[in-house]
Ligand SMILES: Nc1ncnc2c1ncn2[C@@H]1O[C@H](COP(=O)(O)OP(=O)(O)OP(=O)(O)O)[C@@H](O)[C@H]1O
Ligand SMILES: [Mg+2]
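Protein chains in written order, with the working numbering: chain F, 29 to 357; chain D, 788 to 1294.
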C-alpha cells in the first residue's frame, strides 16, 4: 500500500524555509535539537495510534496512559525499587492496558471510541489517586536519565537527542512489520474490509488485539521517554491532549480514520510538522494564544492538500496511459 | 407500436461514437447505440467488454472522453446521475446500491423524500412505496429494513426504486444475477409490463436464455467495440456466442462421470444459526460435484457459511476427511482443507482497495511466508497463475481490484482459493456475473478439480448449471433438506418440486 507523501513533505519544507528566512536563530543547533527531540516523541505516539487507526479503530487514552506510566514509574523509583524492575512493570502495565482494550473491543464488541474514552478518564484518575496527585521528579538516576533523554554528539557542536534513536528503532520495526510481514498485510486487509479478511482465514480478533497491544506498549515507551525528558511528573496533566496530537499526526500523515491505509514516513513528517508549527509560532513572534487555532487550521489545510495531490496523481496517470496508448497505435 | 403516424421519430436515446479510457484500459472505442421507445435492448459481451462502462456513461455516472448522447433527437450532456434522472434515464447498478440500515421506504425515496411542513411525509412514503413494491411483486411492509432482506429481494427493491423515479429508460446491469428463478420470472413480467407502457429497457445479462426470452434486439460488445447486432428471430444462443467470443463454443458442460473416492465431508444433523430448528445431514465424496439447489432464502448460503465456520453451527456435527470438526472460524475450516467462494464478492470476497496481487495471494500468505515475512516471489506467482488460469482481464497485477469489471473480480475470488489446493471446495453462486467463455472455463476447472479428487459442493440458482454440472443434487426448502436427486433422477421438474415444497421428501 504505497502512499504519496509529497504533499506533507512540501508543507513541512514550506513552513521550515519560511521560518528560517524570518528568524536567524531558528536554524541554531539548540533549536534544531529541540525540534528533533519533540518531533521524535510525537512521532512515536503517532506511530502507536497508527496501528489501531489502520484497523479502523481509535485510541483516545494515549495521553492518560502516558500520565499513568510516568506516575507509576516515578512512584516506584521514588520508593527505591530497582529501576529495571520499574521499567518491566510499566511495560507490562501498558501492554496489559492494550490487551484489555483489545479484548473489550473484540470479545465484548464495544466500540473503540467508547472503550478508550473511558480509558482516558480511568487512567488519569488512577494516576492521580495512586500518587495522591503529587508532582514527582527523578533524582539520582543519571544512567537511566542519560539513556532515555541523553544526547549523542554528532560532529563538534551538534547533538542528537535520545528520543530520536528510539524513533528510528520504532520506525524501522513498524515499517518492516507493516510492509514486509504477513501480519502487516493482514492488518491492512482487516482495515479495508474486515469481513473479507475473515473469510480469507485471517484471525481478525487476534489481529485487532495485537494492534491495541502494540499501540499501548509504544505509548508506554513514550511515557517513559516523556517522563525522563520532562524530569518531573504531574499526575493531573502529564500527557494531557497527547492523543489528539497523535491522531492528528496519523491523519495528516496519510492514515484514513476509515482504516486500511497508513505510511510510517508520512506520519513522521506529519508529527514534525505539528512540532514545527509550535516552534515557528514562537520564532515568528505570533501570539501564543493563536497556537491551537493555527495548528488546527494547518492540519486541515494539510489534509485538504493531500486529497488534492491524490486526485491530481490519478488524473496524471490517466493522461499518461492515454498518451501511451496513442503512441502504440 | 407508437400511435402517432409520424415519419421516423427520433430514437428515444442515441449514443454516437462514445469512447472511454481508463489507466491502461480502453473500455470503449467509438460505440454507437440507439434505443427506441418501448424497446427491450439486450447488451451482452464478455467480462470487461465495456458494458457497464457504457451504461454508466448513459446514466451520468461517468463522462465519456469523446462522443455524444442524444435524447429525443436532441444532444444532451449527462453530467451526473441527477441530470440523467431528469432526462428519464435510471440505472440499476451491477452491484447493489442500497442503504442496508434504512427501511425500504426510505431507500425508495432517498434524496427526494416527500415532505410536509419540512418534515418527511412518512405516510405518503408508505403508500407510494407499497404501489412500487407491488409492481415488482414484493409483498413487504415498506418499513422492513433492507439489510434483513435476501440479496434477491434487495435487487427487486432496487428495481422498484428506479421505477419510482419516473424513468423512461431503465438500464439494468445484470439484474438477474442474484435472483431466484421465481424472482427472475417476476422481473421478466415487470420488464414486459414496462415495455407495453412505452418504457424502454436496456438489459445486461450473461444468461443468454434470458436474453432470448426477453430482448427485441441484442447488441454485442467485444473489447470496447460493437461486434454485431441481432434482431428478433436472429437472437439465438449460438449466434450470440459467436459474436461475443468470436468463435463457436462447443460442449458447454463437461462432466465425465467417474468413480468417487473416500468420504470428504460428512454432515451429521447440523443445525445453522439461521434455521436452528432444522437439521441437515448429507455426505460428499472425493471427486464428486454436488449441487445445492433451492429458492433464494432456502438457507443454502447459511449452510455453506456454517460449514466454513463463518457462522458456527448451533448443533450437530461434521467430519472432514474422517476428522470430526466444528469450525468456529474460517481459519479452522481452511486448516482442514476447505475453501469458500462467497456469494457477495464485494462484502466477503475481496479487499476492493487492494491490488490483484494482494487479493489473489491473501489466503495463501499463511502457507507461503518465510518466518512471517512476505515472500514476494511466491505472491507474484500465485497472482500470475490466477490471472492466467482464469483469464482475468487486467492491465497488471498491481491494478486495484475495485477497478476491474464485475466478472473479472469474481474470477479473482475463485482464483485465490485454488492456489491452496483445497480438499473440499464450497462455491456459492460461482458463476454469477461471469461471461460465457469464463463460465465454461470454470466448469472445466470444477470438473478437473473433481478429477483430481477434490470434493465440490456448489450452490447455484441457475438451473442449467445445476443440471449440467452435478453428480448429485441436494434441494433445500425453508432451511431443511427437501430431498436428494441422483444424476438419473435429475430433471428441472424434480428440482422445482422439491424446492417449492410441493412434494414430500423421498430419499
Ligand atoms: N474506473 C475504472 N478504472 C480503470 N479501469 C476500469 C474502470 N472501470 C472499468 N474499467 C475497466 O474497463 C473495462 C471495461 O469494464 P466494464 O465494467 O465496462 O466491463 P463489463 O463489460 O461490464 O464486464 P462484466 O461482464 O465483467 O461486468 C475493464 O477492463 C475494466 O477493468
Ligand atoms: Mg459489468
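Think of the CB as a built atom: it goes at the ideal place given N, C-alpha and C, for glycine as much as any other residue. Owing to the predicted nature of the structure, the values given are computational and were not obtained by experimental measurement.
Proximity test, Cβ basis, 8 Å: residue i and chain B
i, result
"residue 208 of chain F", "Here chain B cannot be found, since the structure's protein chains are F and D."
Residues near residue i in its chain [Cβ-Cβ closer than 8 Å; skip 5 each side]
i, result
"residue 97 of chain F", "118, 121, 122, 247, 248, 251, 252 and 255"
"residue 1186 of chain D", "811, 1142 and 1143"
"residue 179 of chain F", "61, 187, 188, 189 and 190"
"residue 211 of chain F", "205, 235 and 238"
Exposed unless 16 or more other CB atoms sit within 10 angstroms - verdict on residue i
i, result
"residue 184 of chain F", "exposed"
"residue 1135 of chain D", "buried"
"residue 91 of chain F", "buried"
"residue 1218 of chain D", "buried"
"residue 114 of chain F", "buried"
"residue 1125 of chain D", "buried"
"residue 296 of chain F", "buried"
"residue 904 of chain D", "exposed"
"residue 213 of chain F", "buried"
"residue 320 of chain F", "exposed"
"residue 1292 of chain D", "The predicted position of residue 1292 of chain D is uncertain, since its pLDDT is 45 and thus under 50; a value taken from the coordinates is nonetheless stated next. That one is exposed."
Chain D within 8 Å of residue i, Cβ atoms only
i, result
"residue 227 of chain F", "yes"
"residue 333 of chain F", "no"
"residue 155 of chain F", "no"
"residue 213 of chain F", "yes"
"residue 217 of chain F", "yes"
"residue 223 of chain F", "yes"
"residue 231 of chain F", "yes"
"residue 174 of chain F", "no"
Cβ of residue i within 8 Å of any chain F Cβ
i, result
"residue 778 of chain D", "The first residue shown for chain D is 788 and the last is 1294, placing residue 778 of chain D beyond what the model contains."
"residue 1134 of chain D", "yes"
"residue 731 of chain D", "The question about residue 731 of chain D has no answer here: the residues shown for chain D are numbered 788 through 1294."
"residue 1150 of chain D", "yes"
"residue 1153 of chain D", "yes"
"residue 1160 of chain D", "yes"
"residue 1116 of chain D", "yes"
"residue 797 of chain D", "no"
"residue 1226 of chain D", "no"
"residue 1190 of chain D", "no"
"residue 1307 of chain D", "Past the boundaries of the shown model lies residue 1307 of chain D; chain D is included only from 788 to 1294, so the question cannot be answered."
"residue 1210 of chain D", "no"
"residue 1060 of chain D", "no"
"residue 784 of chain D", "No information on residue 784 of chain D is available, as it lies outside the stretch 788 to 1294 that chain D covers here."
"residue 1097 of chain D", "yes"
Residue i vs residue j beta-carbon contact at 8 Å
i, j, result
"residue 968 of chain D", "residue 1257 of chain D", "no"
"residue 795 of chain D", "residue 879 of chain D", "no"
"residue 1078 of chain D", "residue 1260 of chain D", "yes"
"residue 111 of chain F", "residue 172 of chain F", "yes"
"residue 50 of chain F", "residue 312 of chain F", "yes"
"residue 147 of chain F", "residue 236 of chain F", "no"
"residue 989 of chain D", "residue 954 of chain D", "no"
"residue 1072 of chain D", "residue 1242 of chain D", "yes"
"residue 916 of chain D", "residue 932 of chain D", "no"
"residue 1169 of chain D", "residue 1147 of chain D", "yes"
"residue 1220 of chain D", "residue 961 of chain D", "yes"
"residue 165 of chain F", "residue 245 of chain F", "no"
"residue 327 of chain F", "residue 280 of chain F", "yes"
"residue 1120 of chain D", "residue 1089 of chain D", "no"
"residue 977 of chain D", "residue 922 of chain D", "yes"
Spatial neighbours of residue i in its chain, beta-carbon cut-off 6 Å, leaving aside the 5 residues before and after
i, result
"residue 274 of chain F", "73, 74, 77 and 90"
"residue 999 of chain D", "1022"
"residue 65 of chain F", "189 and 191"
"residue 872 of chain D", "952"
"residue 853 of chain D", "806"
"residue 1296 of chain D", "Limits of chain D in this structure are 788 at one end and 1294 at the other, which puts residue 1296 of chain D out of reach."
"residue 867 of chain D", "847"
"residue 1003 of chain D", "826 and 827"
Beta-carbon proximity list for residue i, same chain, < 7 Å, skipping 5 on both sides
i, result
"residue 1200 of chain D", "1128, 1132, 1136 and 1137"
"residue 1216 of chain D", "1130, 1246, 1247 and 1248"
"residue 1107 of chain D", "1051, 1052, 1123, 1124, 1125 and 1211"
- Name, going along the chain, the residues of the segment 1099 to 1113 of chain D whose beta-carbon falls closer than 7 Å to a beta-carbon of chain F. none
- Query: Going along the chain, which residues of the segment 286 to 305 of chain F sit with their C-beta nearer than 7 Å to a C-beta in chain D?
  - Reply: 288
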